[in-house]
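Student:
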Amino acid sequence: TAEEIQTERVSSYIVHVAPAHAPRLPRRGLLATRPYAAFLLNRIPLEMCRPAPRVLYSYGHAATGFAARLTARQAARLASSGSVLAVVPDELQELH
Amino acid sequence: TTLTPSFLRLSESSGLLPASGGASDVVIGVIDTGVYPEGRKSFAADRSLPPPPRRFRGGCVSTPEFNASAYCNGKLVGAKFFRKGHDAVLRGRREVGETESMSPLDTEGHGTHVASTAAGSAVLDASLYGYGEGRAVGAAPSARIAVYKACWKGCASSDVLAAFDQAIADGVDVISASLGTMKARKFYKDTTAVGAFHAVSKGIVVAVSAGNSGPGESTVVNVAPWFLTVAASTINRQFPADVVLGNGETFIGTSLYAGKPLGATKLPLVYGGDAGSNICEAGKLNPTMVAGKIVLCDPGVNGRTEKGFAVKLAGGAGAVLGSDEAQGEQARTSAHVIPVSAVTFSAAEKIKKYLRTQASPVATMVFHGTVVGRSPPSPRMASFSSRGPSRLVPEILKPDVTAPGVDILAAWAGVTSPSLLDGDSRRVPYNIMSGTSISCPQVSGIAALLRQARPEWSPAAIKSALMTTAYNVDSAGAVIGDMSTGKASTPFARGAGHVDPNRAADPGLVYDAGTEDYIAFLCALGYSAEQMAVFSPATNCSTRAGTGAVGDLNYPAFSAVFGPEKRAVTQRRVVRNVGGNARATYRAKITSPAGVHVTVKPQKLQFSATQGTQEYAITFAPRMFGNVTEKHTFGSIEWSDGEHSVTSPIAVTW
Numbered sequence: 033t034a035e036e037i038q039t040e041r042v043s044s045y046i047v048h049v050a051p052a053h054a055p056r057l058p059r060r061g062l063l064a065t066r067p068y069a070a071f072l073l074n075r076i077p078l079e080m081c082r083p084a085p086r087v088l089y090s091y092g093h094a095a096t097g098f099a100a101r102l103t104a105r106q107a108a109r110l111a112s113s114g115s116v117l118a119v120v121p122d123e124l125q126e127l128h
Numbered sequence: 014t015t016l017t018p019s020f021l022r023l024s025e026s027s028g029l030l031p032a033s034g035g036a037s038d039v040v041i042g043v044i045d046t047g048v049y050p051e052g053r054k055s056f057a058a059d060r061s062l063p064p065p066p067r068r069f070r071g072g073c074v075s076t077p078e079f080n081a082s083a084y085c086n087g088k089l090v091g092a093k094f095f096r097k098g099h100d101a102v103l104r105g106r107r108e109v110g111e112t113e114s115m116s117p118l119d120t121e122g123h124g125t126h127v128a129s130t131a132a133g134s135a136v137l138d139a140s141l142y143g144y145g146e147g148r149a150v151g152a153a154p155s156a157r158i159a160v161y162k163a164c165w166k167g168c169a170s171s172d173v174l175a176a177f178d179q180a181i182a183d184g185v186d187v188i189s190a191s192l193g194t195m196k197a198r199k200f201y202k203d204t205t206a207v208g209a210f211h212a213v214s215k216g217i218v219v220a221v222s223a224g225n226s227g228p229g230e231s232t233v234v235n236v237a238p239w240f241l242t243v244a245a246s247t248i249n250r251q252f253p254a255d256v257v258l259g260n261g262e263t264f265i266g267t268s269l270y271a272g273k274p275l276g277a278t279k280l281p282l283v284y285g286g287d288a289g290s291n292i293c294e295a296g297k298l299n300p301t302m303v304a305g306k307i308v309l310c311d312p313g314v315n316g317r318t319e320k321g322f323a324v325k326l327a328g329g330a331g332a333v334l335g336s337d338e339a340q341g342e343q344a345r346t347s348a349h350v351i352p353v354s355a356v357t358f359s360a361a362e363k364i365k366k367y368l369r370t371q372a373s374p375v376a377t378m379v380f381h382g383t384v385v386g387r388s389p390p391s392p393r394m395a396s397f398s399s400r401g402p403s404r405l406v407p408e409i410l411k412p413d414v415t416a417p418g419v420d421i422l423a424a425w426a427g428v429t430s431p432s433l434l435d436g437d438s439r440r441v442p443y444n445i446m447s448g449t450s451i452s453c454p455q456v457s458g459i460a461a462l463l464r465q466a467r468p469e470w471s472p473a474a475i476k477s478a479l480m481t482t483a484y485n486v487d488s489a490g491a492v493i494g495d496m497s498t499g500k501a502s503t504p505f506a507r508g509a510g511h512v513d514p515n516r517a518a519d520p521g522l523v524y525d526a527g528t529e530d531y532i533a534f535l536c537a538l539g540y541s542a543e544q545m546a547v548f549s550p551a552t553n554c555s556t557r558a559g560t561g562a563v564g565d566l567n568y569p570a571f572s573a574v575f576g577p578e579k580r581a582v583t584q585r586r587v588v589r590n591v592g593g594n595a596r597a598t599y600r601a602k603i604t605s606p607a608g609v610h611v612t613v614k615p616q617k618l619q620f621s622a623t624q625g626t627q628e629y630a631i632t633f634a635p636r637m638f639g640n641v642t643e644k645h646t647f648g649s650i651e652w653s654d655g656e657h658s659v660t661s662p663i664a665v666t667w
């Protein structure tokens, strides 16, 4: 159905995580995607993990959280998690 | 940047520039389309430059297309790129462009222009085909540049946030971001505002562009109070190109056309709308009607240089480009590939009238090159510069300041033409551009100078100094004009006024603010615990003491909003004496907005060695009698000790 297509559509999101629940990032910082990949696996049930979410960046200085490719359903699930503060759809900004 | 340093009164012999050593100990992080350093002397390290600051931990990444060891030096100290978000957002909708480079290399031109505007090294004999010729130098000539490429065809928010994250980790001192969303977002959903909040909390100044969506009301973006939001205005330089009609009427347009000039013999003039396309779209102009003629084109839809190119493809000899009515007295300058002059809306209307009333209309164009002078007065607010009030938080007056952002020459990438047209094979080391993108890095550079000259100042103190010392009159002594109306501009266009770097070095008083103040401000906005946690995890607004009204943020400008009940609004401020004399007395001088009675308590602030800060309250009360028909009225408050003038704009929304 159209609704199913919508909820399974993969987009990029920025996920703000409560610092108390944020994994410790190694020195590679932004590029260290593994800690938040594990974070995702703990919060998205296995049956919802297709297509597999993919962490793009791990933020430790400008924000606490990560950017990831998620389905709308996965994003909604994350947003309802107590350790997640906000899930913001990625968007294109323009040069001025 | 061949004229802006003198327009900004930046001198190598006195004032802020020598006092700051050109900001040699400051690193400016530029979040943009990357940098094109090859053959661009703006990114060469002067031998006299000391080693970069040791606290800077960044560096340059090397790729097959970006040779870090060749390009990076004591001037260009950082170059990194972020693209994962761009690809994720556009997956399936766009192929990676042939000319794009998976590296910090700038294949657009914008980032190179911005970076060299902020902190380019001095280069002699810079020009665009002779236009704007002179010694090009960035606002902070000795500051270091660290480039964070987050913009490709658009800038994905996740890439921009990654750039902020990396810039903070690397230890930059100033961040310059000439980008934004189309509309202002709530701060917890605005990733640039979130990234900037954390940067400012770490002492980094973040300068951003106000946007190019003017002159409409409430078009300003990047409105968070921790941003230094920059509008755009003109300098004392034009590139005039006259359109001379067969009846002798002459209209002064603008152009950067650099080819063979048209002769004195007038050519047939035709309206694009009568030849297949009023907006002069490629392939839609009838060559038999256009060949050898000058074509008048309407604005909009396609780019300005595309219109000229379309006329060229159809065999036309030249084009006259009209402007939008909203742009008023402004026509936009571009590096056209054929003889083209851009004229104002009213001029285009008169040319159309001439076309309609003549059996054989003819015209020619005369290109005057670069003209520097006092007429028209400068600065004037660019029509395109986005305007306040802030739709999101009308109590915070935005934009903050204005700076040169019209027809500015700076370095350009070697893989793109000055017209940005694929069909234009010209390659140039410098280009002339306009936008708040261009004014933003000027202010980033000035902030870098202040950062070094006044190392103890916070980002908010630097912003305050720039705002309270800004000037509001043009070279003719009138209030800075607005090109969209031809009348005086308002603080919703120019903010606190035009930056005056030398005066900013000695503002007398500053309105300081830190992380705690911004948290109180966010609490006053009514943010939930989760929304607050994006900024500050431990904050519980409901149990927090001292959270006042939104307008109580210690901001160097005032914006009062009268509700339907028209109650008086009181706002509180704290000022710190940063003048040379610890014992100082400042007195208030008010210019009340129309229909408003403004009172200040106390009216005199006395500072001493033990009392370096003072508080005051300012009340805006609607007058009981009198009729205000405007939606907004404006005034100012000036504190002066006889030596310093600490001025803040006042905006009232009825």
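So the protein sequences, as listed, match chains A and B. Just so you know, we're using our numbering here: the first sequence kicks off at 33 and counts up by one. Just so you know, we're using our numbering here: the second sequence kicks off at 14 and counts up by one. For glycine and all other residues, C-beta sits at the position ideal for the given N, C-alpha and C. Please read these numbers as outputs of a predicted model, since none were measured by experiment.
1) Run down chain A in chain order and give the residues with a C-beta less than 8 Å from the C-beta of residue 73 of chain B.
2) Which residues mark the beginning and the end of the beta strand (DSSP E) in which residue 45 of chain B is found?
3) Using the rule of at least 16 other Cβ atoms within 10 Å of the residue's Cβ for burial, across every protein chain shown, is residue 12 of chain B buried or exposed?
4) Since residue 50 of chain A meets chain C, which of its residues come closer than 7 Å, beta carbon to beta carbon?
5) Under DSSP, the beta strand (DSSP E) around residue 480 of chain B begins and ends at which residues?
6) In the DSSP assignment, the beta strand (DSSP E) including residue 46 of chain A goes from what residue to what residue?
7) Consider the Cβ of residue 106 of chain A: report whether some Cβ of chain B lies at a distance smaller than 9 Å.
8) Residues in the region 214-228 of chain B with C-beta within 7 Å of chain A's C-beta atoms, listed in sequence order?
9) With a cut-off of 8 Å on the beta carbons, I'd call residue 71 of chain B and residue 184 of chain B a contact; round off their distance for me.
10) Quick one: what does DSSP say residue 284 of chain B is sitting in, helix, strand or coil?
11) Between the Cα of residue 523 of chain B and the Cα atoms of B:476, B:507, B:88, which residue gives the shortest distance?
12) Is the Cβ-Cβ distance between residue 14 of chain B and residue 149 of chain B less than 9 Å?
13) Express the C-alpha separation of residue 90 of chain A and residue 75 of chain A in angstroms, rounding to a whole number.
14) For a test of the three-state rule: what should DSSP assign to residue 498 of chain B, helix, strand or coil?
15) Could I get the ranges of all uninterrupted alpha helix (DSSP H) runs contained in the region 30-92 of chain B, with 4 residues as the minimum, in chain order?
16) How would you list, in chain order, the residues of chain A whose beta-carbon sits under 7 Å from the beta-carbon of residue 595 of chain B?
17) Counting beta carbon pairs with one atom in the region 448-465 of chain B and one in the region 543-550 of chain B, are three or more of them shorter than 8 Å?
18) Ignore the nearest five residues each way along the sequence and tell me which others in residue 118 of chain A's own chain have a CB closer than 6 Å to its CB.
19) Could you check how far apart the C-beta atoms of residue 88 of chain B and residue 161 of chain B are, in whole angstroms? I think they sit under 8 Å.
20) For the alpha helix (DSSP H) containing residue 320 of chain B, list its first residue and its last residue.
21) Give the range of the beta strand (DSSP E) segment to which residue 138 of chain B is assigned.
22) Go through its chain and collect everything with a Cβ distance to residue 645 of chain B's Cβ below 8 Å, but skip five positions before and after it.
23) Starting from residue 101 of chain A, follow the beta strand (DSSP E) in both directions and report where the run begins and ends.
24) Is any beta-carbon of chain A found at less than 9 Å from that of residue 319 of chain B?
25) Run down chain B in chain order and give the residues with a C-beta less than 7 Å from the C-beta of residue 120 of chain A.
26) Would you tell me roughly how many angstroms separate the C-alpha atoms of residue 245 of chain B and residue 421 of chain B, rounded to the nearest one?
27) Residue 634 of chain B: which of B:628, B:643, B:595, B:576 sits nearest, CA to CA?
28) Taking 9 Å as the cut-off, decide whether the C-beta atoms of residue 52 of chain A and residue 58 of chain A are in contact.
29) Could you round the C-beta distance between residue 35 of chain B and residue 153 of chain B to whole angstroms and report it? I think they count as a contact, below 8 Å.
30) Count the CB pairs spanning the region 521-539 of chain B and the region 558-574 of chain B that are closer than 8 Å, and state whether there are at least three.
31) Is residue 451 of chain B helix, strand or coil by DSSP?
32) Take the Cβ of residue 384 of chain B as the centre, count every other Cβ of all protein chains shown within 10 Å, and call the residue buried at 16 or more, exposed below.
33) In whole angstroms, what separates the C-alpha of residue 499 of chain B from that of residue 343 of chain B?
34) Does residue 169 of chain B get closer than 9 Å to chain A when you measure Cβ to Cβ?
35) Counting contacts by CB-CB distance shorter than 9 Å, is residue 103 of chain A in contact with chain B?
36) With a CB to CB cut of under 8 Å and the five nearest residues on each side skipped, what residues in its chain are close to residue 617 of chain B?
Tutor: On the basis of the supplied data:
1) On the second sequence, residue 73 of chain B is found 60 positions in, with the first residue counted as 1. By Cβ distance, chain A contributes nothing, its closest Cβ being about 16 Å from residue 73 of chain B, past 8 Å.
2) Along the second sequence, one-based indexing puts residue 45 of chain B at 32. Here the beta strand (DSSP E) through residue 45 of chain B covers 40-45.
3) The shown model of chain B, from 14 to 667, leaves out residue 12 of chain B, and the question about it has no answer.
4) You won't find chain C in this structure, because its protein chains are A and B.
5) By 1-based counting over the second sequence, the position of residue 480 of chain B is 467. Per DSSP, residue 480 of chain B belongs to no beta strand (DSSP E); it is in the alpha helix (DSSP H), 472-481.
6) As a position in the first sequence, residue 46 of chain A is number 14, starting the count at 1. Element bounds for residue 46 of chain A: 42-49.
7) Residue 106 of chain A sits at position 74 when you count from the first residue of the first sequence. Not one chain B Cβ lies under 9 Å of residue 106 of chain A.
8) 222, 224, 225
9) Here the question's residue 71 of chain B lines up with position 58 in the second sequence. Here the question's residue 184 of chain B lines up with position 171 in the second sequence. Correct: roughly 7 Å between the Cβ atoms.
10) Along the second sequence, read from residue 1 onward, the residue named residue 284 of chain B stands at position 271. Residue state, collapsed to three classes: strand.
11) The residue you call residue 523 of chain B lines up with position 510 of the second sequence. It is B:476.
12) On the second sequence, position 1 is the one that residue 14 of chain B refers to. On the second sequence, position 136 is the one that residue 149 of chain B refers to. Cβ atoms of residue 14 of chain B and residue 149 of chain B: closer than 9 Å.
13) Numbered from its first residue, the first sequence carries residue 75 of chain A at position 43. Numbered from its first residue, the first sequence carries residue 90 of chain A at position 58. Rounded to whole angstroms, residue 75 of chain A to residue 90 of chain A spans 17 Å at the Cα level.
14) If you number the second sequence from 1, residue 498 of chain B lands on position 485. It is coil, neither helix nor strand.
15) 81-84
16) Against the second sequence, residue 595 of chain B aligns to sequence position 582. Ordered by position in chain A, no residue passes the 7 Å Cβ test against residue 595 of chain B, which lies about 37 Å from the chain.
17) no
18) For the purposes of this step, residue 118 of chain A is taken as residue 86 along the first sequence, with counting starting at 1. Counting only Cβ-Cβ distances below 6 Å, and skipping sequence neighbours, we find 48.
19) Translated into the one-based positions of the second sequence, residue 88 of chain B becomes position 75. Translated into the one-based positions of the second sequence, residue 161 of chain B becomes position 148. Contact flag wrong, Cβ pair sits at about 16 Å.
20) In the second sequence, the residue the question calls residue 320 of chain B occupies position 307. Residues 317-326.
21) For the purposes of this step, residue 138 of chain B is taken as residue 125 along the second sequence, with counting starting at 1. From DSSP, the beta strand (DSSP E) with residue 138 of chain B extends over 136-141.
22) Working through the second sequence from its first residue, we reach residue 645 of chain B at position 632. Counting only Cβ-Cβ distances below 8 Å, and skipping sequence neighbours, we find 402, 503, 505, 664, 665, 666, 667.
23) Against the first sequence, residue 101 of chain A aligns to sequence position 69. From DSSP, the beta strand (DSSP E) with residue 101 of chain A extends over 97-103.
24) For the purposes of this step, residue 319 of chain B is taken as the residue at position 306 of the second sequence. Judged by the 9 Å Cβ criterion, residue 319 of chain B is not in contact with chain A.
25) What you label residue 120 of chain A is simply residue 88 of the first sequence in a count that begins at 1. 202, 204, listed in chain order.
26) As a first step, residue 245 of chain B must be located in the second sequence, where it is residue number 232. As a first step, residue 421 of chain B must be located in the second sequence, where it is residue number 408. The alpha-carbon of residue 245 of chain B is positioned some 11 Å away from that of residue 421 of chain B.
27) Walking along the second sequence from the start, residue 634 of chain B turns up at place 621. Ranking the options by Cα distance to residue 634 of chain B, first place goes to B:576.
28) In the first sequence, residue 52 of chain A corresponds to position 20, counting from 1. In the first sequence, residue 58 of chain A corresponds to position 26, counting from 1. Not a contact, by the Cβ cut-off of 9 Å.
29) What you label residue 35 of chain B is simply residue 22 of the second sequence in a count that begins at 1. What you label residue 153 of chain B is simply residue 140 of the second sequence in a count that begins at 1. Yes, they are in contact, since the Cβ atoms of residue 35 of chain B and residue 153 of chain B sit about 6 Å apart, within 8 Å.
30) yes
31) For the purposes of this step, residue 451 of chain B is taken as the residue at position 438 of the second sequence. Looking at residue 451 of chain B - three-state DSSP - the assignment turns out to be helix.
32) Locating residue 384 of chain B in the second sequence gives position 371, where the first residue counts as 1. It counts as exposed.
33) Position 486 of the second sequence, counted from the start, is the residue given in the question as residue 499 of chain B. Position 330 of the second sequence, counted from the start, is the residue given in the question as residue 343 of chain B. Whole-angstrom Cα-Cα distance: 9 Å.
34) One-based indexing of the second sequence puts residue 169 of chain B at position 156. So, interface residue.
35) Within the first sequence, numbered from 1, the residue matching residue 103 of chain A stands at position 71. Residue 103 of chain A does not count as touching chain B.
36) Residue 617 of chain B sits at position 604 when you count from the first residue of the second sequence. Closer than 8 Å at Cβ, skipping near neighbours: 598, 599, 600, 601.
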